[in-house]
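Novice: What follows is a single structure, and I will ask about it in a moment.
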Amino acid sequence: KAGVTQTPRYLIKTRGQQVTLSCSPISGHRSVSWYQQTPGQGLQFLFEYFSETQRNKGNFPGRFSGRQFSNSRSEMNVSTLELGDSALYLCASSLQVRASPLHFGNGTRLTVT
Amino acid sequence: GIQVEQSPPDLILQEGANSTLRCNFSDSVNNLQWFHQNPWGQLINLFYIPSGTKQNGRLSATTVATERYSLLYISSSQTTDSGVYFCAVEWASGTYKYIFGTGTRLKVLA
């Protein structure tokens, strides 16, 4: 069974631009969640989608948004990029929203210059 | 909100040594997972362990939910065990999302 696939693996953007990251969950998994990892803040929860609906949201500004499609694939978008958005963005899928282990993809490393 | 703290923050071992990593959490949790993050950033599932004890080869984990802690044991450590170990808890109150601990950075020397 294929794992969680994130694309692209690496991305370099300039301040003010926007970026879209993609995540394909494990087949049969309907929940997709996104995390941001930075050296200073650790792993922080961004948001979670289940059946195309956002179920939970972390404490991030509105520049961070996401969506989920009917095939459970998810995208997250960051608009008006800032230097502080440079991070490893990790996507995880699980069978359900609750009581279900997370399985992570390899991440997308975003550098904002 | 819930606090998830891991100790020690850093650990250096000689190959073959044993170690215990600890995860403390400040509120009731529904579930707990242990992950190993390798040098390339990949988060690898080690254990899904809301309570009790599990073993997988040289690794084992114990969660005592009533006392709000979990332990990860690494025996006969190898250089490939190097990386950062995270625990993540599914908080029983509020929204159901996993909260990650601060991590333990392990370096195993040959």
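Same order as they appear, the protein sequences are chains A and B.
Sequential numbering of the first sequence, starting at 1, is according to my numbering.
Sequential numbering of the second sequence, starting at 1, is according to my numbering.
Every residue, glycine too, gets a C-beta built ideally from N, C-alpha and C.
All values derive from a computational prediction rather than experimental measurement.
1) What do you reckon, are the CB atoms on G83 of chain B and N30 of chain B nearer than 8 Å?
2) As an exercise, report each continuous beta strand (DSSP E) stretch of at least 3 residues that is fully enclosed by the segment 38-72 of chain A, in chain order.
3) The beta strand (DSSP E) spanning R22 of chain B covers which residue range?
4) Going by DSSP in three states, G84 of chain A sits in which element: helix, strand or coil?
5) Since W40 of chain B sits in a beta bridge, which residues does DSSP pair it with?
6) Would you check if the distance between the CB atom of I2 of chain B and the CB atom of V64 of chain B is smaller than 8 Å?
7) Between the Cα of E82 of chain A and those of A:A99, A:G107, A:K13 and A:C91, spot the shortest distance and give me the residue it belongs to.
8) Please state the DSSP three-state secondary structure of T14 of chain A.
9) Mapping the DSSP letters down to three states, classify E15 of chain B as helix, strand or coil.
10) For the putative contact between G66 of chain A and F47 of chain A, defined by C-beta atoms under 8 Å, what is the C-beta separation to the nearest angstrom?
11) If I measure Cβ to Cβ from V78 of chain A and keep anything under 7 Å in the same chain, skipping five residues before and after, which residues do I get?
12) Beta carbon of S24 of chain A, beta carbon of T5 of chain A: below 8 Å?
13) Which bits of chain B does F69 of chain A rub up against, with CB to CB less than 9 Å?
14) Could you check which residue in A:F104, A:T111 and A:A87 has the C-alpha nearest to that of Q41 of chain A?
Specialist: In short:
1) Numbered from its first residue, the second sequence carries residue 83 of chain B at position 83. Numbered from its first residue, the second sequence carries residue 30 of chain B at position 30. Not closer than 8 Å, so no.
2) 42-50, 53-57 and 64-68
3) As a working mapping, residue 22 of chain B is identified with position 22 in the second sequence. S19 to F25 is the span of the beta strand (DSSP E), which, as asked, contains R22 of chain B.
4) Taking the first sequence and counting its residues from 1, one reaches residue 84 of chain A at position 84. It is helical.
5) Walking along the second sequence from the start, residue 40 of chain B turns up at place 40. BP columns for W40 of chain B are empty, so no partner.
6) Within the second sequence, residue 2 of chain B is the residue found at index 2, counting from 1. Within the second sequence, residue 64 of chain B is the residue found at index 64, counting from 1. No, these two residues do not count as a Cβ contact at 8 Å.
7) Working through the first sequence from its first residue, we reach residue 82 of chain A at position 82. Ranking A:A99, A:G107, A:K13 and A:C91 by Cα distance to E82 of chain A puts A:K13 first.
8) Against the first sequence, residue 14 of chain A aligns to sequence position 14. Here T14 of chain A sits in coil by DSSP.
9) Here the question's residue 15 of chain B lines up with position 15 in the second sequence. E15 of chain B: coil per DSSP, three-state reduction.
10) The residue labelled residue 66 of chain A in the question sits at position 66 within the first sequence. The residue labelled residue 47 of chain A in the question sits at position 47 within the first sequence. Rounded, the Cβ-Cβ distance is 5 Å, consistent with contact.
11) Stepping through the first sequence from its first residue, residue 78 of chain A is reached at position 78. Only Q18, V19, R63, F64 and D85 meet the Cβ criterion.
12) Along the first sequence, read from residue 1 onward, the residue named residue 24 of chain A stands at position 24. Along the first sequence, read from residue 1 onward, the residue named residue 5 of chain A stands at position 5. It is a contact, given that the beta carbons lie within the stated cut-off.
13) Position 69 of the first sequence holds residue 69 of chain A. Per Cβ cutoff of 9 Å: no residues; F69 of chain A is ~21 Å from chain B at best.
14) Counted from its first residue, the first sequence places residue 41 of chain A at position 41. Minimum Cα distance to Q41 of chain A is reached at A:A87.
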